[in-house]
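Asker: Take this structure first; my questions come after.
Residue numbers (my numbering): 84 to 222.
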């Protein structure tokens, strides 16, 4: 059943929106969950991934491997993690692209924009929790 009339549930339109998204929209689409420790510290569940974050791979062939993000390819929807490479036939090693949804961020690269984003996301959650507490006292 469709809940929101303003959002399409058409597979065709959703795929078009996903693969035809511009760079800034792809940044949002390439978000990864934060580790439990970071979720408790910041009160935020996920963040868009960026270059110097430290991550652990949670799905796929490279599961449980850790490393620092060396590149984010928005065009291909993949992230390159240091030391996650494979040998080509001619002997050169190339980084393996890993989808952002298969990663968990264990350490954030902090700057003023990232800090502001965390504050903004947490502030919205704080208001919702305050309302829940206020409504729970009504009974």
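Don't be surprised by glycine CBs; every beta carbon is placed ideally from N, CA and C.
(1) Where does residue 176 fall in DSSP's three states?
(2) If you count every other CB in all the chains shown that lies within 10 Å of the CB of residue 196, and 16 or more means buried, which is it?
(3) Using a Cβ-Cβ cutoff of less than 7 angstroms, which residues in the same chain neighbour residue 185 once the five nearest sequence positions on both sides are dropped?
(4) Provide the residue span of the beta strand (DSSP E) that contains residue 101, from first to last.
(5) How about residue 152 and residue 205: are their beta carbons less than 7 angstroms apart?
(6) Could you check which residue in 125, 168, 149, 104 has the C-alpha nearest to that of residue 160?
(7) Counting along the chain, where does the alpha helix (DSSP H) carrying residue 106 start and finish?
(8) What are the partner residues of residue 149, as DSSP defines its beta bridges?
(9) Rounded to whole angstroms, what is the Cα-Cα separation between residue 182 and residue 192?
(10) Please determine, among 188, 165, 157, 168, the residue with the shortest C-alpha to C-alpha distance to residue 111.
(11) DSSP three-state call for residue 118: helix, strand or coil?
Answerer: Walking through what the data contain:
(1) Under the three-state reduction of DSSP output, residue 176 falls in the strand class.
(2) Its Cβ having fewer than 16 others within 10 Å, residue 196 is exposed.
(3) Excluding five sequence positions before and after residue 185, the CB atoms of its chain that fall closer than 7 angstroms to its own CB belong to 140, 141, 142, 143, given in chain order.
(4) Note, residue 101: premise wrong, no beta strand (DSSP E); alpha helix (DSSP H) at 94-102.
(5) No, the Cβ-Cβ distance between residue 152 and residue 205 is not below 7 angstroms.
(6) Residue 160 has its Cα closest to that of 104, out of 125, 168, 149, 104.
(7) 106-112 is the span of the alpha helix (DSSP H), which, as asked, contains residue 106.
(8) For residue 149, the pairing in a beta bridge is given by DSSP as 139.
(9) About 19 angstroms.
(10) The residue with the shortest Cα to Cα distance from residue 111 is 157.
(11) For residue 118, the secondary structure class from DSSP, reduced to helix, strand or coil, is coil.
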